[in-house]
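What follows is a short report on a single structure.
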Ligand SMILES: [Fe+2]
Ligand SMILES: [Fe+2]
């Protein structure tokens, strides 16, 4: 051992081990998709040949990632809530508020699901992503409302007491203007028969950020059961147009 090189500190060693675990699972190597690197400002990927050269004794991960919570063979929406959604509080609070305000089960479900794009997947255009994920399994009005809350949230409606959220001024700056596609979708939504359903998501949304509120998914499982068409094969294993999105959430580090 070279005496002039100081031994790694305990925390350096821990980082090193964690780093190794990140890339070196028991027998297989997990891959980071290009999107994961973009969050660090890098547009890059390793090609399969180099990947194999760096890991000559390993195969690539082609299924479940052992670092993530285990999913059952036939996952339900509730399994995704419990094992793949990073935060439930806001979604549950939103839904409970809609319930307390006496809205229909469709609206309560829409509130429960309105931000699953953010909670599980990606922030950008989360309303559109979330709507696409649930579209095959819910009433059309529910997915429409989830999609459109993305646009409506940026525009006030005094008829229901919805003002432009102060939080957006704090978060995005006073001069932030929604992009033309958001304005277009808002203008179209205003004329739509389900406008108020999407608007109610916004109304039950802005007040639903109390970190100390006591909420429980069990209080909403009946409503999920009656209003979300759980596929028999398990979410992700049916042949719906969004099944692949649920599979990707289940196995985000598969090589292909
Ligand atoms: Fe949202
Ligand atoms: Fe929200």
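Numbering (our numbering), first residue to last: 23 to 278.
Beta carbons: idealized from backbone N, C-alpha and C, even for Gly.
**Prompt:** From residue 74 to residue 145, what does the alpha carbon distance come to, in whole angstroms?
**Reply:** 32 angstroms
**Message:** Please tell me whether residue 154 and residue 264 are closer than 9 angstroms, where the distance is taken between their beta carbons.
**Reply:** yes
**Asked** Under a three-way DSSP split, which group does residue 179 fall into?
**Response** strand
**Message:** Taking 8 angstroms as the cut-off, is the beta-carbon of residue 154 closer than that to any non-hydrogen atom of ligand 1?
**Reply:** no
**Prompt:** So what's residue 237 in DSSP terms, helix, strand or just coil?
**Reply:** coil
**Asked** What residues are listed by DSSP as bridge partners for residue 51?
**Response** 82
**Request:** Return yes when the C-beta of residue 112 is under 8 angstroms from any heavy atom of ligand 2, and no when it is not.
**Result:** yes
**Request:** For residue 81, count neighbouring Cβ atoms within 10 angstroms of its own Cβ and tell me buried if that reaches 16, exposed if not.
**Result:** exposed
**Asked** Cβ of residue 258 within 8 angstroms of any heavy atom in ligand 1?
**Response** no
**Message:** Which of the three DSSP states is assigned to residue 288 in this structure?
**Reply:** Any answer about residue 288 is impossible in this case: the structure gives the chain only from 23 up to 278.
**Request:** Using only the heavy atoms of ligand 1, determine whether one of them is closer than 8 angstroms to the beta carbon of residue 169.
**Result:** no
**Message:** Is the beta carbon of residue 117 closer than 9 angstroms to that of residue 167?
**Reply:** no
**Item:** Rounded separation between residue 79 and residue 268 - CA only
**Value:** 30 angstroms
**Validate contact between the region 200–211 and the region 158–176 using beta carbons, cut 8 angstroms, 3 pairs** = yes
**Message:** How far does the alpha helix (DSSP H) with residue 275 in it extend, from its first residue to its last?
**Reply:** No alpha helix (DSSP H) holds residue 275; DSSP gives it neither H nor E.
**Request:** State buried or exposed for residue 33, treating a residue as buried only when at least 16 other CB atoms are found within 10 Å of its CB.
**Result:** exposed
**Request:** Reducing DSSP to helix, strand and coil, say where residue 65 ends up.
**Result:** coil
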